[in-house]
């Protein structure tokens, strides 16, 4: 395990270097942020002074090494748009994104795994067909379109939930359901496939011959062997949900990091863009490392010391 963690840490360092290079380079290709700060009739002297003030007059390689050096000390630069440290701006929006992400993850897991197990247990029946149709529809619908439909039905017509904004549970339900819909469809299909294979195993047949209760066979024996597949997807799911909330946050006017990222891109706010990308890359890597460690706990056949 120690060697495995050492290798993963080296991968982590390399990945963060590549991400920082790509983020820095692509943000600079978007144009000069000074154009958004100054009036159209700004003089060349005003432009030069502003660029010097924000350190944009330095060569690109100097700007990059300054960015990396400051980031290692916890300083991700100053937001041009909000006139605050970029790290503080992102942290002020992060709780809303985490709340939405955790709600979507909870919905995804609580719905997808039982649906997949039930479909596998009733393979070839109407129940199995219904779950497959639901999964197909879920994977076919764009989440922004589903979000708009949910707003129209449950907010505009029925008035059950808030259509936009951030507040209590009634603001959270629609964006969380929209966000979780596709993930439920994908995870339920993966769980079904893994469970179908597990339920055909010899150990399951032997357990039935011994008279082990069916619920125990399904959940204790078969599901434990099939759990690696949904667990693999869960690592991707958690990363995607926590880092891919831009569309849902825009549709529901949810004041999270996704909406902040869109505003920063529109206004070419270098510091905020770089901070968001670096934070999400770090989060994604950590989540996948946690999933890799959980593999060994779920399936004793998996070991990292060989």
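In full-length UniProt numbering, the protein residues as written are 1 to 306.
No residue lacks a Cβ here, since even glycine has one placed at the ideal position from N, Cα and C.
The alpha helix (DSSP H) enclosing residue i, as first and last residue numbers
| i | result |
| --- | --- |
| residue 123 | Counting along the chain, residue 123 falls outside any alpha helix (DSSP H), and DSSP gives it neither H nor E. |
| residue 166 | First-last for residue 166: undefined, no H or E at that position. |
| residue 156 | Residue 156 -> no alpha helix (DSSP H), and no H or E assigned at all. |
| residue 73 | Premise fails: residue 73 is in no alpha helix (DSSP H) and is neither H nor E. |
| residue 208 | 202-209 |
| residue 267 | Where residue 267 is concerned, there is no enclosing alpha helix (DSSP H), given that its DSSP letter is neither H nor E. |
| residue 225 | 223-226 |
| residue 40 | Taken as a continuous stretch (DSSP letters only), residue 40 belongs to no alpha helix (DSSP H), as it is neither H nor E. |
| residue 147 | 143-150 |
| residue 248 | 246-251 |
Sub-8 Å separation of residue i and residue j beta-carbons
| i | j | result |
| --- | --- | --- |
| residue 256 | residue 97 | yes |
| residue 148 | residue 251 | yes |
| residue 264 | residue 56 | no |
| residue 222 | residue 195 | yes |
| residue 285 | residue 65 | no |
| residue 127 | residue 191 | no |
| residue 109 | residue 138 | no |
| residue 198 | residue 226 | yes |
| residue 279 | residue 16 | no |
| residue 68 | residue 20 | yes |
| residue 150 | residue 177 | yes |
| residue 106 | residue 172 | no |
| residue 93 | residue 294 | no |
| residue 131 | residue 146 | no |
Simplified DSSP assignment, three categories, for residue i
| i | result |
| --- | --- |
| residue 85 | strand |
Pairwise C-alpha distance: residue j and residue i
| i | j | result |
| --- | --- | --- |
| residue 175 | residue 218 | 33 Å |
| residue 142 | residue 72 | 38 Å |
| residue 181 | residue 272 | 30 Å |
| residue 291 | residue 232 | 7 Å |
| residue 10 | residue 274 | 22 Å |
| residue 51 | residue 266 | 19 Å |
| residue 75 | residue 85 | 8 Å |
| residue 120 | residue 29 | 50 Å |
| residue 205 | residue 224 | 16 Å |
| residue 18 | residue 129 | 45 Å |
| residue 216 | residue 288 | 30 Å |
| residue 77 | residue 70 | 8 Å |
| residue 153 | residue 211 | 49 Å |
| residue 157 | residue 83 | 41 Å |
| residue 213 | residue 160 | 42 Å |
| residue 306 | residue 23 | Here the model assigns residue 306 a pLDDT of 48, short of 50, so the residue's position is not dependable, and the following value carries that caveat. The alpha-carbon atoms of residue 306 and residue 23 are separated by roughly 36 Å. |
| residue 7 | residue 79 | 35 Å |
| residue 5 | residue 40 | 53 Å |
Which listed residue (the options) has its alpha carbon closest to that of residue i
| i | options | result |
| --- | --- | --- |
| residue 262 | 90, 3, 189 and 50 | 90 |
| residue 179 | 198, 237 and 214 | 237 |
| residue 124 | 267, 193, 88 and 284 | 193 |
| residue 269 | 115, 110 and 87 | 87 |
| residue 170 | 254, 28 and 27 | 254 |
| residue 63 | 46, 27 and 85 | 27 |
| residue 100 | 215, 249 and 146 | 249 |
| residue 25 | 60, 116, 47 and 8 | 60 |
| residue 111 | 153, 134 and 83 | 134 |
| residue 144 | 247, 168 and 220 | 247 |
| residue 167 | 153, 95, 47 and 6 | 95 |
| residue 189 | 3, 6, 208 and 230 | 230 |
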